[in-house]
Amino acid sequence: MGCTLSTGHRTIMKKIPGYLLKALFIWGMFTLPVFASPADYVYTPAVAQGEREIDVKYGTASPVDSGSAQAFSLGLGYGATESWFTEVYLKQERNGTQNSTLAEWENKFQLTEAGEYPLDIGLITELEAPLSSQVPWELRLGPLFQTEFGKFQLNGNLLFERAFGRADETGVPFSTNLAYQWQVKYRWQPVFEFGLQGMGEVGKWNNWYQQAEQNHRMGPAIFGKLPLGNRQAIKFNAAWLFGASPVAPNHTFRMQVEYEY
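Here the sequence shown is numbered in the working numbering, starting from 745 and rising by one per residue.
This is how it looks when you write it as structure tokens:
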């Protein structure tokens, strides 16, 4: 007995370019464990066609296995269509004594019209390539969900993370890891909003680590948008995340500033 896609599912599939589907197939062939960056931010599914942005992110976490971790990135993004936003980053990361320079290509797809359904749905893909170190390539992808209740905005994302190419010196077996993000935001005023954020990694997608070995962080967050006129604005968000499991850093500070024009 066969099965067919509904009109809505066919519409969503048409919004995903063919090259991305091929990339997903290749992604399924190679894997290595992937670990979070302290500069990671919570993805949202909305896309604005024609929007351009300069994106700066920074994060620091301590303690980690080798002392402390820091990450910085500078990105340029563009809303290529009404449902596709693409961005390239140059990243610098330090984990203890190891420093890495990386390039990243991020693509976000808005799969439903805002407010058309109870959940707004999107898809994120990120491909990260090392430029100056022996770390492997990394690929992250997953669905993005958003809904609203009055002045509250709720976000929840599931992210599948893999590395491929050069294995590191630990020789850890290939695996597909599952991460998550969530966010609760109270939209008090456009220039200042506040809420909570949480992030974590649970281990292999089909065989989670024991609770004590999972990495969970959560804490307060602030958000805002400062209009500059002529379609220009500065957006910001920042969070102070506390470790909620034994292997998580005790403290993680992350921030993001975007100049939209």
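For glycine and all other residues, C-beta sits at the position ideal for the given N, C-alpha and C.
This structure is a prediction, so every number in the text was calculated from the model and none was measured.
Item: Neighbourhood of L871 by C-beta distance below 6 Å, restricted to the same chain and skipping five residues each side; Value: W849, L883
Item: P782 burial status per 10 Å Cβ neighbour count (16 or more: buried); Value: buried
Item: Distance between V808 and V1001 (C-alpha atoms, nearest Å); Value: 25 Å
Item: Reduced DSSP secondary structure (H/G/I, E/B, other) of V778; Value: Low per-residue confidence applies at V778: pLDDT is 46, beneath 50, and the placement is therefore not dependable enough to give any value.
Item: Proximity winner among A815, F829, V791, A847, relative to R838 (alpha-carbon distances); Value: A815
Item: Three-state secondary structure assigned by DSSP to Q958; Value: coil
Item: Continuous beta strand (DSSP E) stretch holding R975: start and end; Value: Premise fails: R975 is in no beta strand (DSSP E) and is neither H nor E.
Item: Cα-Cα separation, P971 to F896; Value: 22 Å
Item: Through-space distance from V935 to F904, alpha-carbon basis; Value: 33 Å
Item: Per-residue DSSP class, three states only, for K929; Value: strand
Item: C-beta contact flag for I798 and L834 at 8 Å; Value: no
Item: Distance between T856 and P993 (C-alpha atoms, nearest Å); Value: 36 Å
Item: For H960 and P789, the rounded distance between their alpha carbons; Value: 23 Å
Item: 7 Å Cβ shell around A977 - same chain, five flanking residues per side excluded; Value: K969, L970, P971, E1004
Item: Identity of the residues DSSP links to N843 by a beta bridge; Value: R838
Item: Beta-carbon proximity list for V946, same chain, < 7 Å, skipping 5 on both sides; Value: L922, W952, Y953, Q958
Item: C-alpha gap between G886 and G894, whole angstroms; Value: 27 Å
Item: Cβ neighbour criterion (16 or more within 10 Å) applied to M745; Value: Low confidence applies here, because M745 scores a pLDDT of 43, under 50, leaving its location unreliable; read the following figure in that light. By the 10 Å Cβ count, M745 comes out exposed.
Item: For T996 and G987, the rounded distance between their alpha carbons; Value: 8 Å
Item: Host beta strand (DSSP E) of K948 (start-end); Value: 936-948
Item: Start-to-end residues for the beta strand (DSSP E) that takes in S817; Value: 811-823
Item: Among V879, F908, A983, nearest to G939 - alpha-carbon criterion; Value: A983
Item: Own chain, CB closer than 6 Å to F980, minus 5 neighbours either side, in chain order; Value: G968, V1001
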